[in-house]
Every structure is written in C-alpha cells, then in structure tokens.
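Colleague: So the protein sequences, as listed, match chains Z and L. Under the working numbering, read the first sequence as residues -6 to 267, first letter to last. Under the working numbering, read the second sequence as residues 243 to 484, first letter to last.
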Amino acid sequence: MIEIEGLSFSYGKTMIFRDFSLRIPKGQVCLITGINGVGKSTLLRLMAGVLRPAKGEIRFDPNMGADPRAKIGFISDVLSLYESLTIAQAIDFHKSVYALPSFDDSLIRHTKIGHDKKIKELSTGQRTIFHLSLVLSIEPEILLIDEIIHSIDAYLRKVFLEQIVQLLLKRPVTVVMVNVNFHDIEHLVERVILLKSGEIAVDENIEELKAKVKKIISGSRPEFLNILSQIDYSDHSEFYVYPCTDDLKEKIEGEIVDLNLTEIVSAFIGGEYA
Amino acid sequence: MLKKECLEAIKKLLESLLILIVIPLAIVWDKLVAHNGWPYADIFKGGYIATLVIYAVYAGATIFLPERRDRAFEYLFSLPLTRSQIVMAKVLPRFVILVILFLLSAVFIGHGVLASGIIFILLFFGAASLSIAVNSIILNLVGVSFLFAAFQPCFNVLSYLLSKLGLKFPSVLAFIFAQLCSALLLLIPLWLAFWLTFKKLDVKPIRLQMKTYYSILLPSLAGLAAFILLFYKKSMSWIIAR
Chain Z
-6 MIEIEGLSFS YGKTMIFRDF SLRIPKGQVC LITGINGVGK STLLRLMAGV LRPAKGEIRF
54 DPNMGADPRA KIGFISDVLS LYESLTIAQA IDFHKSVYAL PSFDDSLIRH TKIGHDKKIK
114 ELSTGQRTIF HLSLVLSIEP EILLIDEIIH SIDAYLRKVF LEQIVQLLLK RPVTVVMVNV
174 NFHDIEHLVE RVILLKSGEI AVDENIEELK AKVKKIISGS RPEFLNILSQ IDYSDHSEFY
234 VYPCTDDLKE KIEGEIVDLN LTEIVSAFIG GEYA
Chain L
243 MLKKECLEAI KKLLESLLIL IVIPLAIVWD KLVAHNGWPY ADIFKGGYIA TLVIYAVYAG
303 ATIFLPERRD RAFEYLFSLP LTRSQIVMAK VLPRFVILVI LFLLSAVFIG HGVLASGIIF
363 ILLFFGAASL SIAVNSIILN LVGVSFLFAA FQPCFNVLSY LLSKLGLKFP SVLAFIFAQL
423 CSALLLLIPL WLAFWLTFKK LDVKPIRLQM KTYYSILLPS LAGLAAFILL FYKKSMSWII
483 AR
C-alpha cells in the first residue's frame, strides 16, 4: 500500500506537485503516464525515498517495517549503481546492506553476464536485468519501475517482464510503472493514472478506461463528446473521445472502435500536445 | 557498506602513496643532501608528514567521490540506510587509517609529533565537510588551506584567552587543549553545515540544496573572523611578551 497525502514538491522555483494525494492499495499494478516533464519519474523517486517532499507525507504498509526502503525495489530511468564495482562486488555490497543470507544469480547467469565484469561495461539491457536481479533479491513488497525497459532489446524485455509476472504470481506486490511499453504490460496493468500539470487528470481501472475511451470514425464532429485528439482525413475524421458512456454511444453517427492501452495513452498524450 | 568504504579508504591511501613515484627525484635530492650535509632521518620525517597531510586532505575530500563518479547517489539513497549510518561508514575507515598512520609517525618521528595531531583531524574533517559543497578536489584543497591558515590566528587568540582563564602556558596539555578548542571552533560550524545539509540531501541538483549549508557556514565564518580580529592584537602582544 502506498498512500500519498498533501504532497508538495518543487525543483527550485519550478513547482511539480502541489497538495497531491494518491492511494495505491496493496497488490495493485498501476501505470502512471503523462507527457514529458509532468513529474512521473519525480513521483516514483518520491515513493522510492530518493527525493524528499517539501510538504506532505508518503506512507507505506506498516508491516513493511521502520524503513520501508528495505522492501521497496526501485529501477530508475538512470539505473543508478556503483558503476566502478564488478558484478560480484556489487552483489556482495547489496547482500551486506540488506543482510541477505544468499543471492540468486540465475537471472544474471541466464543473460550471460560475467561476475567479474564491471557494471560500467554492461549494456543498458544487461544493467537493467542486473538491477532487476538486485531488486528481486530483497523480495520487494513494492516495485517501482521507470520507463527504462523501452531501451532494452526484445529478448531481455521478455525476460524482464516474465520475472515481474513470476513475482506477481508468488505474492501480492504493489507495482507502479511509468510509461513502460504499453503493449508489453497491457495484461498486467489494473489501473491507469494520467498526470497533467502535477495533478491526476485520469484515474481509472483499465477495463473501465477501455470501455470509456473510444475512437469514432465519422464525417461529422461529435460535439456532445469530450474529444481528446483528432486526426483529419480527406473524407472523414478520427475522434478519440473520453468518456464515451453507453447513453452517449447511442447518439454517435459513425463507427465506434475499441482501443488498446497504447492507443488510449497516445490519445490522452496527443490531446496534451494538441 | 563498511567493507566497501574500507576498500575505498585503502584505495585512497594507495593513491596518496603514489607520491613514491617521485623516487627519481630522490636521486637529485640525494646529491643535494650530500652536498649540504642534511641528515636522511629529517628528510624521511618530512616526507612522512607530507604523506600524512596529503592523505588527510585527500581522504576527506573524496568521501563522496564514488557516488559522484558513478552517479550513484540515487542508489545510495534508495538503500535502507540512515544518514548517520552512511556518514559513519564513510568517515570511520578513512579516519582509522589516518589515526594509524599518525600513531606510526610517533614511532618513526618521536612522540613530540603527537602534539600536532589535532591539525590532521582539522584537515580531514575540514575536507570531508567541504566535500558536500565542492565537487573539485582542488577547490576543496583551497578551502582546507583557508581553514589551515585560520587555525594559527585562532589558536593564538584562544591560547591568549585561555591563559587569562588561568591555563598555564607553555605546558603541553595547555597547548593541546588550545589546539583542540581552535580546531573545534573551526570544525563545528563546518560539520554542522555538512550534517544538516546531508541529513536532508536527496537526488535533486546539489546547487538547489545548499541553502542550509551556506546559511550556517557564512555567518559562522564571519563571526569567527570578527572574534579573531577582536583579540588578535592582544594575543600577538601576549605571545611576543611570553
């Protein structure tokens, strides 16, 4: 469980969040999205405890102990690690900090990363997998993943997501992801949060969101609907609308098309830039 | 954490010992020594003390070098470690090495050198507390040099004031006590500024987080300078008269 209450945060004079509140129940898989610079990664860093709020509080499940960071796995977009250490040294360091009796390095061996290799010599994909294996070793109750898996190859991405699925099958882990490749995680996500100007613009269960966001192919503009974005063609237009409720659907002239998560997020973000 | 920092401290020691690569210069030096008749023991003592000074400043100035070099502050702050645990893990191994080196100097050079031990503490902790504000080792060295330069007038003034309070100079204990007070007077505002800044430090750009540091350090240094200036003339007259 993550409970954010009255959170304010700024980078110098640039205010990112003002009186921001959010509650993510235990075991929920949540996707946070929004345009660049809206504060998605900042929110993740605040949850991870590497940024400190100017005001407000971030609370975790009391069962997580005095220092919740011991049970938070954070994979940031910069993959921060002691790069000068070798894999073996980094594992040794990680084990000592978290007082781990052992370390399962099967994931590292699986991706053929030598233990004597320095972290700075690893590719982004290898670093991501190594970071994931460190994070999984602490048996996290909360997993925070920034948009890093965009930049790894298809095979390692598959390995990465398989590990997340395995983890979710074992126990109820709260997962917060930021702009992860939507197609890859569509089957995992339960809740979608869209940030806009430091506030929550959309907060919906994924099934409800899919039911409410539609593409309408029509020759005339559906004025009675909230249009997120539109694409004009010579003889018709495509309108991305939200919320498209059942009673409104009856009034629509044209074809109503269901959208997948990628298209839904693109419609919202496209609307932001329009 | 402590093991990693111990290895880092030993690495810094070895880097400090790189001064040994100046051995070729020793040949030239040797000829000079032979020509002037200087005793070898004195040269060794000087070299040892120089290494100690270099290590004290270098070890202090580089306590956050691994985090800066590896951009690992985010990883460090995500670990379940309190800020005091981090500072202890960083300072302790480096300080223990410094103390061992310093105690060895008593063996090599004679116990008289122990009276100057406070200066090494000043150099180490001064460089460590400046390390949060300045990224560059050269700038840190400049800061420590200022601190070192301020130490002597501070010591003079405090010796004078302590003698007024009845402390008998020039006894060794009074000398060490005055040195300790001078070092503390310089180090307390620095360390306080360091600690209060580090306690709240996060991964925001460091320049956005230095308000506390400077708001403690600058008025303290101005106050200290005023304090020294106030008693400087009297202390100098007292020293000359003694």
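For each residue, glycine too, the CB sits at the ideal point set by N, CA and C.
#1: With DSSP run on the structure shown, which of helix, strand or coil describes Z/GLU(-2)?
#2: Which residue comes first and which comes last in the beta strand (DSSP E) that contains Z/ILE68?
#3: For Z/SER211, which beta-bridge partners are listed by DSSP?
#4: Could you have a look at Z/ILE220 and say whether DSSP puts it in helix, strand or coil?
#5: Does the region 228 to 235 of chain Z come close enough to the region 205 to 218 of chain Z that 3 or more CB-CB pairs lie under 8 angstroms?
#6: To the nearest angstrom, how far is the alpha carbon of L/PHE337 from that of L/PHE366?
#7: Within 9 angstroms of any Cβ in chain Z, is that where the Cβ of L/LYS254 sits?
#8: Could you spell out where the alpha helix (DSSP H) holding Z/THR255 opens and where it closes?
#9: Does the beta-carbon of L/LEU259 have 16 or more other beta-carbons within 10 angstroms, so that it is buried, or is it exposed?
#10: Work out the CA separation of L/TRP480 and L/LEU472 for me, nearest whole Å.
#11: Measure the alpha-carbon distance for Z/ILE80 versus L/GLY352 and round it to whole angstroms.
#12: Could you run through the region 291 to 325 of chain L and flag, in chain order, every residue whose CB is less than 9 angstroms away from some CB of chain Z?
#13: To the nearest angstrom, how far is the alpha carbon of Z/MET57 from that of Z/LYS64?
#14: Under the assumption that Z/GLY5 contacts Z/GLY49 (Cβ atoms under 8 angstroms), give the Cβ distance between them as a whole number of angstroms.
#15: Whether or not the region 107 to 114 of chain Z and the region 150 to 169 of chain Z are in contact is what I'm after, with contact meaning three or more pairs of Cβ atoms, one per stretch, closer than 8 angstroms; do they touch?
#16: Answer yes if the region 29 to 47 of chain Z comes into contact with the region 99 to 112 of chain Z, meaning at least three C-beta pairs across the two stretches below 8 angstroms, and no otherwise.
#17: I want to verify the contact list: residues of chain Z whose CB lies under 7 angstroms from the CB of L/ASP444, in sequence order.
#18: Using CA atoms only, rank isn't needed, just tell me which of L/LEU262, L/HIS277 and L/ILE482 is closest to L/ALA292.
#19: For Z/ALA194, name the three-state secondary structure that DSSP assigns.
#20: Of all the residues that make up the region 59 to 76 of chain Z, which are near chain L by a beta-carbon distance shorter than 7 angstroms?
#21: Three Cβ pairs or more, each shorter than 8 angstroms: is that satisfied between the region 302 to 318 of chain L and the region 268 to 281 of chain L?
#22: Strictly below 9 angstroms CB to CB, what residues from chain Z border L/LYS245?
#23: Along chain Z, in chain order, which residues have C-beta atoms closer than 8 angstroms to that of L/LEU450?
#24: Taking a contact to mean a Cβ-Cβ separation below 9 angstroms, would you say Z/HIS340 touches Z/LEU72 in this structure?
#25: Give the secondary structure of L/PHE393 by DSSP, where H, G and I count as helix, E and B as strand, and everything else as coil.
#26: If we count the other Cβ atoms within 10 Å of its Cβ and call it buried at 16 or more, is Z/ASP139 buried or exposed?
#27: For the region 104 to 132 of chain Z, which residues have a CB atom closer than 7 angstroms to at least one CB atom of chain L, in sequence order?
#28: Rounding to the nearest angstrom, what Cα-Cα distance links L/LEU249 and L/ILE339 in this structure?
#29: Counting only C-beta atoms, is Z/ARG11 closer than 9 angstroms to chain L at any point?
#30: Just list the residues that DSSP pairs L/PHE440 with in beta bridges.
#31: Can you find a C-beta in chain L that's less than 9 angstroms from the C-beta of Z/LEU0?
#32: Taking only three categories from DSSP, how would you classify Z/GLY49?
#33: Are the C-beta atoms of L/PRO461 and some chain Z residue less than 9 angstroms apart?
#34: Can you tell which of L/ALA348, L/VAL445, L/GLN421 and L/SER378 has the C-alpha that lies nearest to the C-alpha of L/ARG313?
#35: What are the start and end residues of each continuous beta strand (DSSP E) run of 3 or more residues lying completely inside the region 57 to 143 of chain Z, in chain order?
#36: How is Z/TYR4 classed by DSSP in three states: helix, strand or coil?
Modeller: Quick answer:
#1: strand
#2: 65 to 68
#3: Per DSSP, the beta bridge partners of Z/SER211 are Z/SER230.
#4: Here DSSP, grouped into helix, strand and coil, assigns Z/ILE220 to strand.
#5: Judged by Cβ distances under 8 angstroms, the region 205 to 218 of chain Z makes contact with the region 228 to 235 of chain Z, as three or more pairs qualify.
#6: In this model, L/PHE337 and L/PHE366 are separated by some 8 angstroms (Cα to Cα).
#7: no
#8: 254 to 266
#9: exposed
#10: 14 angstroms
#11: 45 angstroms
#12: Here the close residues are PRO308, GLU309, ARG311, ASP312, ARG313, ALA314, PHE315, GLU316, TYR317, LEU318, PHE319, SER320, LEU321, PRO322, LEU323 and THR324.
#13: 6 angstroms
#14: About 18 angstroms; that fails the 8 angstroms criterion.
#15: no
#16: no
#17: VAL43, LEU44 and ARG45
#18: L/LEU262
#19: Assigned with DSSP and collapsed to three states, Z/ALA194 falls in strand.
#20: ASP60, ARG62, ALA63, PHE67, SER69, VAL71, SER73, LEU74, TYR75 and GLU76
#21: no
#22: ASP85, PHE86 and SER89
#23: Within 8 angstroms Cβ-Cβ: TYR4 and GLY5.
#24: Only positions -6 to 267 of chain Z appear in the structure, and residue 340 of chain Z is not among them; the question remains open.
#25: In the three-state DSSP reduction, L/PHE393 falls in the helix class (H, G or I).
#26: buried
#27: The region 104 to 132 of chain Z vs chain L, Cβ under 7 angstroms: nothing.
#28: The alpha-carbon of L/LEU249 is positioned some 11 angstroms away from that of L/ILE339.
#29: It does not: the Cβ of Z/ARG11 has no partner Cβ on chain L nearer than 9 angstroms.
#30: None; L/PHE440 has no bridge partner.
#31: no
#32: strand
#33: no
#34: L/VAL445
#35: Whole beta strand (DSSP E) segments, 3+ residues: 65 to 68 and 135 to 138.
#36: strand
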